[in-house]
Structures are given as structure tokens and as C-alpha cells.
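Trainee:
In UniProt numbering, the protein residues as written are 1 to 129.
(1) Under 7 angstroms between the Cβ atoms of residue 61 and residue 92?
(2) Does the ligand PLP have a heavy atom nearer than 6 angstroms to the CB of residue 19?
(3) For the UniProt domain "CAF17 C-terminal" (49–125), which segments carrying the beta strand (DSSP E) assignment without a break, of at least 3 residues, lie completely within its bounds, in sequence order?
(4) According to DSSP, simplified to helix, strand and coil, what is residue 140?
(5) Using a threshold of 7 angstroms, state whether the C-beta atoms of residue 95 and residue 117 are closer than that.
(6) In angstroms with no decimal places, state the Cα-to-Cα distance between residue 80 and residue 56.
(7) Determine the burial state of residue 111: buried for a count of at least 16 other Cβ atoms within 10 Å of its Cβ, exposed for fewer.
(8) By Cβ distance below 8 angstroms, which residues in the same chain neighbour residue 213 in space, the five residues on each side in sequence not counted?
(9) Using three-state DSSP, classify residue 21 as helix, strand or coil.
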């Protein structure tokens with residue numbers, strides 16, 4: 001679950017990508033609020049390409065060794081998302097849903113560290129849209 005501005009950067013994080021609708025943090029019946037039109041349109045179209053997901057590193061990493069917003073890549077070097085927060089063996093990352101089940105890596109101090117994304121049990125079964 002994201003918390004604070006490190007996980008949800010102001011002006012960058014979108015409510016649906018951040019799973020806030022899954023936690024009843026977004027109203028689709030309330031009147032106007034900033035970003036309401038984009039959020040409602042995206043929700044009703046059902047196309048969300050990225051989401052915040054938990055990740056596990058192949059080796060423990062000190063929190064300060066991972067640059068904020070570090071790019072996460074597929075094994076072939078294709079951009080898969082951005083690291084948001086974490087340390088030791090666990091973190092949270094904004095990943096493209098198409099890449100969640102692929103082997104991923106993160107460059108930390110010149111070394112490639114493998115990581116695995118997982119889909120939380122509390123996500124609706126339709127979360128892969």
C-alpha cells in the first residue's frame with residue numbers, strides 16, 4: 001500500500017495507477033475534484049497500463065542505495081517501470097502490467113539486481129485490464 005509523497009509523488013501519481021480505487025480512495029459519484037474527469041474516463045474505459053506493485057529483490061539492498069525513480073528494465077533492456085520506495089528485500093514500483101510476470105532488473109551502483117513483481121491477493125481478479 002503506498003504511503004506519502006515518496007510513493008505517490010504530487011503531480012505525477014495517478015489515483016488508478018496507485019490502486020486507490022481498489023482501497024475505496026476514489027469516488028466515482030462525487031462532484032468535481034482535480035483530475036476527476038481523467039480518473040473517471042480511465043476507470044470507465046477500463047484501460048490502466050501501469051500500477052504500483054510490490055517487488056522483491058534477489059539480494060537485500062540498503063534503502064539509500066536505490067535512487068528514487070530508478071528505471072526498472074526487462075532482461076532485454078526494455079523499460080518496464082520506475083522504482084518508488086523500499087529497501088532490504090522488499091519495495092514498491094510502478095510497473096507496466098504487460099511486464100509484471102517477466103524477469104526484471106534494476107541498476108544499483110553499476111550492478112544489475114534482479115527483482116520479482118507480485119500481484120497482491122486483495123486485487124480484484126479483473127486487475128489485469
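From the three backbone atoms N, C-alpha and C, an ideal C-beta is built for every residue, glycine too.
Mentor: Here's the rundown:
(1) no
(2) The ligand PLP is not among the ligands present in this structure, which contains no ligands whatsoever.
(3) 50–61, 71–74, 79–96, 104–108, 111–117
(4) Summary: the structure shown does not reach residue 140, with the chain confined to residues 1 through 129, and so no result is reported for it.
(5) yes
(6) 15 angstroms
(7) exposed
(8) Shown here, the chain extends from 1 to 129; a query on residue 213 therefore has no answer.
(9) coil
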